[in-house]
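Since the structure comes first, as structure tokens, the remarks are kept for the end.
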Amino acid sequence: MNKKLNYIVFLSLMILAAFSHSYSWDTCNGHAQKWMNNWTTMDLSTKSFPVGSYYEQRAQWMMAEWNAVAGSAMTFYVGRDTDGEHMMGNWDNELYWDNLGESTLGRTYKYNECYWLFGNHWGKSEVDLAMNSNSSLNWSDAGFRSVVLHELGHALGLMHTDSLAVMNDSSDEAVSFADTPRAVSYHNWITPLADDRAGLRFLYGNDGISRNVAVSRFYVNDSGDKLQSFPSRTSLRAGDSFALNYTVENHGTEHEDYVLVYFYLSSDSYITTSDHYIGAAAWVMPSGSSAQARIEIILPAGLAEGDYYVGFIADPHDNITEDREFDNQISLNRTINVW
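In the numbering used here, the protein residues as written are 106 to 444.
Written out as structure tokens, the structure reads:
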């Protein structure tokens, strides 16, 4: 089942653009397949992930990212699988390494109840997550976190989506933090994105309140491909124009009537409001929405010659009281040269 919402707004300095969110979930006769008590224990294999080891810590961090989504009642608890055996039908959720061949990064095995016995019965009973240990893969820190977060989303009941989301199916095992579309902000924080958060709240929503906007250097094109944004031109003079795609997301539970986005040029990759202002846009953003658009920018007069990073900041004046302020600014991974 898919849920699609579309909103259209007019943007300053931009053409008419649309933003949307689309998430999907597992079903049984129209009922969402989820953990009915809003919690489950995920046993980490101590053979695959010894306690305190590098990958064991990162698996726990990704469980914590799902747990931290405000407006969701769902909680992962950490357990240990110490027998070294992994199988469906033992009613334990397990996370472990397994050789899945060369084409698969991770795989989720699930057992859901879906039957009628004096009434309908549905819900999750067991989920096992296998991470590919095949020697052909070169796991990076960012790649491992990205794929574990994705597989944990399946464990929660979320299915693949074509939006910019953790649950968008992708190959990330060898990417850097700056090159994964499952990260936001200058700090390249790998976390559930707006669409993922909307889906989780649909399945496990509670009355938690959060306000948070975030930015990404990735966007999804009309074909559903996840692309990294770069300046359309990299060698310019004052008065020349260039374009860039950008994404701003509402990760919070609250409707935001006015999310301002400022664009800047900077001599370094860390964008601040003290850098060279070059343009603006404004959005009305429902909870869980992601706004993706393209802006045309004209270089102002008086810029010194040299190389500049292009970046943007959401809520530059701190008008929104946010849970996390560090995910509001980002720079693109390619500079422009002004001459």
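Note that the Cβ used here is the ideal one computed from N, Cα and C, for glycine as well.
This structure is a prediction, so every number in the text was calculated from the model and none was measured.
| Item | Value |
| --- | --- |
| Nearest-angstrom Cα separation, counted from asparagine 355 out to aspartate 428 | 12 Å |
| Cβ-Cβ distance between leucine 308 and leucine 261 below 8 Å | yes |
| Simplified DSSP state of asparagine 172, which is helix, strand or coil | helix |
| 8 Å CB neighbourhood of leucine 408 in its chain, flanking five on each side removed | Ala343, Leu370, His381 and Val443 |
| Close Cβ partners of leucine 118 (< 7 Å) along its chain, the five nearest in sequence each way excluded | In this predicted model, leucine 118 has a pLDDT of only 41, less than 50, meaning its place in the structure is not dependable; the value taken from the coordinates is given anyway. Answer for leucine 118: Gly384, Ala385, Ala386 and Ile400, listed in chain order. |
| Straight-line Cα distance separating tyrosine 351 from aspartate 345 | 20 Å |
| Delimiting residues of the beta strand (DSSP E) encompassing aspartate 412 | 411-419 |
| Residue from Arg306, Met264 and Ala247 with nearest C-alpha to arginine 287 | Ala247 |
| Sequence-distant residues of the same chain with beta carbon closer than 6 Å to arginine 250, five excluded per side | Arg163, Met167 and Ile295 |
| Beta-carbon gap between glycine 211 and methionine 236 smaller than 8 Å | yes |
| Element boundaries [beta strand (DSSP E), containing alanine 323] | Residue identity check: residue 323 is phenylalanine in the sequence provided, not alanine. Per DSSP, phenylalanine 323 belongs to the beta strand (DSSP E) from 323-325. |
| Boundaries (first-last residue) of the alpha helix (DSSP H) holding glutamate 427 | Premise fails: glutamate 427 is in no alpha helix (DSSP H) and is neither H nor E. |
| Complete beta strand (DSSP E) runs within the segment 177-258 (minimum length 3 residues, chain order) | 180-186, 198-203, 211-221 and 225-237 |
| Per-residue burial, serine 436 [other beta carbons within 10 Å of its own, 16 or more giving buried] | buried |
| Boundaries of the beta strand (DSSP E) in which arginine 399 is found, first to last residue | 395-403 |
| Between the CA atoms of serine 395 and asparagine 111 - distance to the nearest angstrom | Bear in mind that the predicted position of asparagine 111 carries a pLDDT of just 30, short of 50, making it unreliable; the figure below should be weighed with that in mind. Taking the straight line from one Cα to the other gives about 10 Å. |
| Given aspartate 432 as reference, the closest of Pro421, Glu359, Thr358 and Asn438 once Cα atoms are compared | Pro421 |
| Three-pair Cβ contact test at 8 Å for the segment 333-342 versus the segment 355-365 | no |
| Residue nearest to asparagine 243 in terms of C-alpha spacing, selected from Tyr291, Glu410, Val174 and Thr209 | Thr209 |
| Three-state class that DSSP yields for methionine 147 in the structure shown | strand |
| Residues bridged to glutamate 354 [DSSP beta-bridge criterion] | Ala319 and Ser395 |
| Burial state of arginine 185, where buried means 16 or more other Cβ atoms lie within 10 Å | exposed |
| Same chain only: Cβ atoms within 8 Å of tryptophan 144, ignoring 5 sequence neighbours per side | Met179, Thr180, Phe181 and Tyr182 |
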